[in-house]
Amino acid sequence: SNSVGSLTPVVLSADLMMHCSLVTMGKYTVQVFTGNNINAGTSNSIFIKFIGTNCNSKPHQLVTMTCFWAGSEQTFTLDLEENIGELLLIVLEAKPPSCKSCTDDEWFCSKIIVTTPEGARMLFPCYRWMNCDKKLVLRNSVEYVQENWRRDDFFGYQFLNGLNPMIIRRCSELPEKFPVTDEMVQGFLPQGSTLKSEMKKGNIFLCDYERLKDLDGNEIKKKKQYLAAPLCLLFSSQGKLVPIAIQ
12 SNSVGSLTPV
22 VLSADLMMHC
32 SLVTMGKYTV
42 QVFTGNNINA
52 GTSNSIFIKF
62 IGTNCNSKPH
72 QLVTMTCFWA
82 GSEQTFTLDL
92 EENIGELLLI
102 VLEAKPPSCK
112 SCTDDEWFCS
122 KIIVTTPEGA
132 RMLFPCYRWM
142 NCDKKLVLRN
152 SVEYVQENWR
162 RDDFFGYQFL
172 NGLNPMIIRR
182 CSELPEKFPV
192 TDEMVQGFLP
202 QGSTLKSEMK
212 KGNIFLCDYE
222 RLKDLDGNEI
232 KKKKQYLAAP
242 LCLLFSSQGK
252 LVPIAIQ
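Here is the structure:
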């Protein structure tokens, strides 16, 4: 899962388990960024777990005396007991605060930056709310993009989490300049369904970049550049937004 859910168990041999328990990888630096949203901060206890190619670390509490306030950036140093190998994923978990007067409150984590003992900086984007009811599984952004940039659902994910998601509009009728037919998109819709029926259900969305059509492009190395005014039709299904037609 990209966000919430369980990870596939990894079966380790006895030798590898012993190797993981005996070798110390070194110190990891963890930078935690809390969003500026209203009520983004939390007094919950936050734990982080490292998932590696060799094995997984135990959960480590990110101990702070000031809680995770909105807009804050906090740095932690963790000394892992396990030789996890190459870092693949991190898992964030929230637990209720120890004080009885405090209650579980949601936390908006913007991102996590992990610096390995070898000095490699790895960015784990989050930009999600979390509480004690769920765990968040975060992937290294560069590696994930390299492996998934051609996938339709990742294309839709970038629309929702890009610079201007407000340009996405629910579509109830196709504009004349975008003559998409059922035959063109039948492979993307449920069997027997049509564009019209999916529009009635509220599952069709449109991105129209018409405002770009009159903009004058610059010159690059004395060569005139031109801007397109693209349109993109997207279909929402099973919690994912995927492109079904682009002009």
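Residue numbers for the sequence shown follow the working numbering, so the first one is 12 and each next one is one higher. Quick reminder that beta carbons are idealized off the backbone N, C-alpha and C, glycines included.
Restricting to runs no shorter than 3 residues, where is the beta strand (DSSP E) found entirely within the region 120 to 156? 132 to 141 and 146 to 150
Mind the definition here: the region 151 to 160 touches the region 133 to 141 only if three or more C-beta pairs lie below 8 Å; say whether that holds. yes
Contact defined as beta carbons within less than 8 Å: I believe residue 218 pairs with residue 165. What is the distance between those atoms, to the nearest angstrom? That belief does not hold up - the Cβ atoms of residue 218 and residue 165 are roughly 16 Å apart, past 8 Å.
Looking only at its own chain, which residues have a Cβ that is under 6 Å from the Cβ of residue 87, when we skip the five neighbours before and after it? 41 and 73
Nearest to residue 208 by alpha carbon, out of 221, 222, 185 and 230? 185
Nearest to residue 5 by alpha carbon, out of 193, 104 and 75? Residue numbering for the chain in the displayed model covers 12 to 258; residue 5 lies beyond these limits and cannot be assessed.
What are the residues that DSSP puts in a beta bridge with residue 182? None, per the DSSP bridge assignment.
Kindly give me the distance between the Cβ atoms of residue 259 and residue 213, rounded to whole angstroms, as I take these residues to be in contact under 8 Å. Residue 259 lies beyond the range of the chain shown here (12 to 258); nothing can be said about it.
Length of the line joining the Cα atoms of residue 187 and residue 47: 41 Å
With a threshold of 16 other CB atoms inside 10 Å of the CB of residue 192, please say whether the residue is buried or exposed. exposed
Is the beta carbon of residue 44 sitting closer than 8 Å to the one on residue 121? yes
Just tell me which of 77, 167, 238 and 65 has its CA closest to the CA of residue 250. 167
Helix, strand or coil, according to DSSP, for residue 168 in the structure here? helix
Per-residue DSSP class, three states only, for residue 208: helix
How many Å lie between residue 34 and residue 237 at the Cα? Bear in mind that the predicted position of residue 34 carries a pLDDT of just 39, short of 50, making it too unreliable to give a figure here.
Rounded straight-line distance, which links the Cα of residue 51 to that of residue 227: 41 Å
For residue 108, which of helix, strand or coil comes out of DSSP? coil
Contact set for residue 253: own chain, Cβ-Cβ below 6 Å, skip 5 residues either direction: 163, 164, 167 and 246
Once DSSP output is grouped into helix, strand and coil, what is the label at residue 159? helix
Span of the beta strand (DSSP E) holding residue 90? 84 to 91
Please state if the CB of residue 79 and the CB of residue 57 are separated by a distance shorter than 8 Å. yes
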